[in-house]
């Protein structure tokens with residue numbers, strides 16, 4: 001069940017929200033937990049048991065680690081418990097997400113081994129959201145170990161934190177410390193409900209009206225054979241995907257944050273206009289903020305961060321971003337994408353960063369967008385050979401001839417409109433829709449009217465199309 005589906009919008013959400021508002025305060029977490037399990041069971045069936053088992057294990061690990069104060073507990077014991085919890089979490093993540101890749105790509109293709117187990121390994125199904133809820137659980141246990149937060153004694157509160165359906169399957173990655181107080185005490189007011197609905201509608205429109213529209217051209221162009229691929233088509237495809245992945249994921253994050261507001265939670269922002277960045281370092285301060293800060297706090301800093309010699313800092317960056325690429329999926333494309341970004345982050349920490357700071361802003365912006373779009377080409381391609389073909393075509397070395405399939409075939413009026421809106425809203429969104437305007441003001445009335453019209457357009461698009469994917473569901 002995706003947020004941009006009719007059954008979620010007109011059945012699941014209204015029913016759950018009504019029951020939640022009628023539930024006494026002391027049982028609201030129970031209601032949200034049960035609703036979240038139903039939401040997850042709808043798409044994953046029996047795999048909901050794995051989610052519950054993982055949640056229960058992390059609950060007890062944290063409880064055991066935090067049973068006594070840090071000063072009065074044996075350090076090796078606490079460290080051992082933490083190690084076991086990390087092994088469990090990463091073990092489950094590795095089994096479900098990377099087993100097929102390891103067997104097929106490493107053992108069979110790279111090592112050249114012949115095996116009769118290929119079909120058996122290929123039957124391993126990736127549970128939705130496992131990367132997100134695993135990282136949330138790990139951050140909680142680690143924070144308990146570090147003494148940042150106390151271990152909660154309420155399994156319902158902790159399970160509600162991990163499984164909360166607004167951010168369960170595609171983030172943002174919420175830290176327990178950020179909503180610990182809200183899990184115990186929160187309220188749903190008319191203002192928070194109004195703000196949440198507004199934010200949800202904006203996210204829905206970004207997803208349905210922009211991401212889904214440009215996605216059709218992106219998918220079609222990336223599926224073209226080499227002999228039909230030329231530079232204009234390749235750049236159009238990459239441009240469409242560049243906007244698709246941003247509006248797909250940021251749209252989902254907006255909907256998640258909006259839903260959180262409806263239930264009384266304040267989730268962290270996950271995007272801050274990343275395509276206005278003037279460096280790759282700035283891009284990663286603006287893109288998927290909850291993931292980049294997670295890797296910073298729980299991997300980069302423990303590795304030594306930038307406190308060591310320059311070569312060690314560069315190595316730490318490479319390790320973090322190769323693993324960041326691998327986090328997105330079990331494929332060489334993702335690993336190369338992570339290493340590619342890590343390479344430019346290393347360069348920008350060195351002399352190139354000092355040179356870049358002296359270049360006019362417009363050229364720094366062009367440089368950053370070029371790196372981002374080349375990276376997205378590798379990220380989107382289904383294989384390394386396809387990525388090479390796309391990059392060759394983009395830079396004029398492709399074999400395609402502009403004969404049978406012209407640029408206009410893939411750039412119809414709806415695509416051009418979505419591209420234009422995508423460019424505008426990735427830069428000027430806050431100035432176009434004043435989400436903070438008072439409901440009783442003229443600006444508030446205009447905002448509400450525009451959001452109603454946007455919602456109607458979004459629903460019309462959903463009703464008239466069966467094409468409604470969420471990119472980050474597979475990560």
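In the working numbering, the protein residues as written are 1 to 475. Note that the Cβ used here is the ideal one computed from N, Cα and C, for glycine as well. Model, not experiment: these values are computed from the prediction.
- Comparing alpha carbon positions, the residue from 411, 61, 191 and 348 closest to residue 281 is 348.
- DSSP places residue 219 in the helix class (H, G or I) of the three-state scheme.
- The segment 85 to 104 makes no contact with the segment 17 to 37: fewer than 3 CB pairs, one atom from each, lie closer than 8 Å.
- With respect to residue 128, residue 251 sits apart: the two C-beta atoms are not nearer than 8 Å.
- Residue 374 is positioned such that its CB atom lies no closer than 8 Å to that of residue 356.
- Considering only 212, 318, 258 and 242, the residue with the shortest C-alpha distance to residue 414 is 212.
- Ranked by Cα distance from residue 133, the first of 154, 173 and 209 is 173.
- For residue 351, the enclosing alpha helix (DSSP H) starts and ends at 351 to 356.
- Annotated three-state conformation of residue 273 is coil, per DSSP.
- A contact is defined here as three or more CB-CB pairs under 8 Å, and the segment 225 to 232 fails this definition with respect to the segment 138 to 146.
- DSSP places residue 260 in the uninterrupted alpha helix (DSSP H) bounded by 231 to 262.
- Short of 6 Å from the beta carbon of residue 266, and not among the five residues preceding or following it, lies no beta carbon of its own chain.
- The C-beta of residue 143 has 16 or more other C-beta atoms within 10 Å across all chains shown, which makes the residue buried.
- Residue 36 and residue 165 have their C-alpha atoms roughly 5 Å apart.
- With fewer than 16 other beta carbons inside 10 angstroms of its own, residue 428 counts as exposed.
- Leaving aside the five residues that flank residue 255 on each side, the residues in its chain whose CB is nearer than 7 Å to its CB run, in chain order, 3, 200, 203 and 204.
- For the pair residue 238 and residue 210, the Cα-to-Cα distance works out to about 15 Å.
- Distances from the alpha-carbon of residue 243 to those of 179, 459, 452 and 208 put 208 closest.
- Within its own chain, the residues whose Cβ lies closer than 7 Å to the Cβ of residue 277, once the five positions on either side in sequence are excluded, are 283, 286 and 368, listed in chain order.
- Taking a cut-off of 8 Å for Cβ pairs, the segment 338 to 347 and the segment 311 to 321 touch, as three or more such pairs fall below it.
- Here residue 274 is buried, its C-beta having at least 16 other C-beta atoms within 10 Å.
- Nearest to residue 258 by C-alpha distance, out of 171, 41 and 300, is 171.
- For the set 8, 48 and 198, the Cα lying nearest the Cα of residue 445 is the one of 198.
- Excluding the 5 residues flanking it on each side, residue 41 has same chain C-beta neighbours closer than 6 Å at 48, in chain order.
- Here residue 365 has 278 as same chain residues with Cβ atoms under 7 Å from its own Cβ, once five neighbours each way along the sequence are excluded.
- By the neighbour-count definition (other C-beta atoms within 10 Å, threshold 16), residue 181 is an exposed residue.
- Nearest in C-alpha terms to residue 148, of all of 62, 460, 189 and 420, is 62.
- Residue burial is scored here from C-beta neighbours: residue 45 has fewer than 16 other C-beta atoms within 10 angstroms and is therefore classed as exposed.
- Secondary structure at residue 84: helix, using DSSP grouped into helix, strand and coil.
- The segment 263 to 325 is shown to contain no whole beta strand (DSSP E) run of 3 or more residues.
- Annotation: the continuous alpha helix (DSSP H) that includes residue 200 extends over 190 to 205.
- By the Cβ neighbour-count rule, residue 187 is exposed, with fewer than 16 other Cβ atoms within 10 Å of its own.
- Between the alpha carbons of residue 178 and residue 296 lies a distance of about 17 Å.
- DSSP, read as helix, strand or coil, puts residue 167 in coil.
- Here the C-alpha atom of residue 380 lies approximately 8 Å from the C-alpha atom of residue 222.
- By the neighbour-count definition (other C-beta atoms within 10 Å, threshold 16), residue 248 is a buried residue.
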